[in-house]
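Below is one structure, written out as structure tokens; comments come after it.
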Amino acid sequence: MIVAGFGFSTTATGQSLHEAYLAASEGQAVTALATVEDKATHPAFADLAARLQLPVHPVSQAALEAANPLTHSARSLTERGAGSVAEAAALAAAGEGARLVSTRHISTDRRATCAVAIGGQT
1 MIVAGFGFST TATGQSLHEA YLAASEGQAV TALATVEDKA THPAFADLAA RLQLPVHPVS
61 QAALEAANPL THSARSLTER GAGSVAEAAA LAAAGEGARL VSTRHISTDR RATCAVAIGG
121 QT
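This is the structure in structure tokens:
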């Protein structure tokens with residue numbers, strides 16, 4: 001499974017998410033999207049999933065904290081318990097043995113981040 005993980009502000013737009021996705025997923029055949037449970041139904045995120053025709057894998061707080069992202073943002077660590085929500089969500093959703101194939105990419109408006117991981121089954 002190849003998963004695009006997202007971290008984003010509640011003010012993120014579809015354009016923010018799509019821009020981060022395009023940068024992170026270049027050259028990857030993404031099969032699913034992931035983000036934290038409380039943002040999995042955010043309208044802009046749900047619209048992106050529908051447009052890309054990809055399933056969404058909500059990631060629990062515990063799974064987010066257990067992941068080992070490469071990027072370490074102090075703000076993300078304080079607010080979400082993970083150095084990069086996008087990387088942690090991608091790794092957690094991609095399953096055991098997952099590895100990042102694209103570290104987080106940030107949208108121009110800085111409202112969304114996306115990273116891609118490849119791994120085993122969830």
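Sequential numbering from 1 applies to the sequence shown in the UniProt record's numbering. Backbone N, C-alpha and C define an ideal beta-carbon position, used for all residues, glycine too.
Is the beta carbon of residue i less than 9 Å from the beta carbon of residue j?
i: E19; j: A82; result: no
i: I2; j: A24; result: no
i: E87; j: L100; result: yes
i: P55; j: L33; result: yes
If I follow the unbroken beta strand (DSSP E) through residue i, where does it start and stop?
i: V116; result: A112 to I118
i: S9; result: Careful: S9 lies outside any beta strand (DSSP E) and carries neither H nor E.
i: L100; result: R99 to I106
Quick one: what's got a C-beta closer than 8 Å to residue i's C-beta in the same chain, skipping five residues either side?
i: E37; result: P58, V59, S60 and Q61
i: T122; result: For T122, the pLDDT reaches just 44, beneath the cut-off of 50, and the residue's location in the model is therefore unreliable, although a value from the coordinates is still provided. M1, H57, A93, A94 and G95.
Along the chain, where does the alpha helix (DSSP H) that runs through residue i open and close?
i: A24; result: G14 to S25
i: P43; result: P43 to L52
On the DSSP bridge list, what partners appear for residue i?
i: T31; result: None, per the DSSP bridge assignment.
i: H57; result: A34
i: V85; result: Its beta-bridge partners do not exist; DSSP assigns none.
i: A4; result: L33 and V116
Ignore the nearest five residues each way along the sequence and tell me which others in residue i's own chain have a CB closer than 6 Å to its CB.
i: V85; result: G7 and S76
i: A89; result: G5, A34, T35 and V59
i: T13; result: A44
i: residue 127; result: Outside the displayed range of the chain (1 to 122) lies residue 127, so it cannot be described from this structure.
How close, in whole Å, do the beta carbons of residue i and residue j come, if the pair is a contact with beta carbons under 8 Å?
i: A115; j: S107; result: That pair is no contact at about 13 Å.
i: L17; j: L48; result: 5 Å
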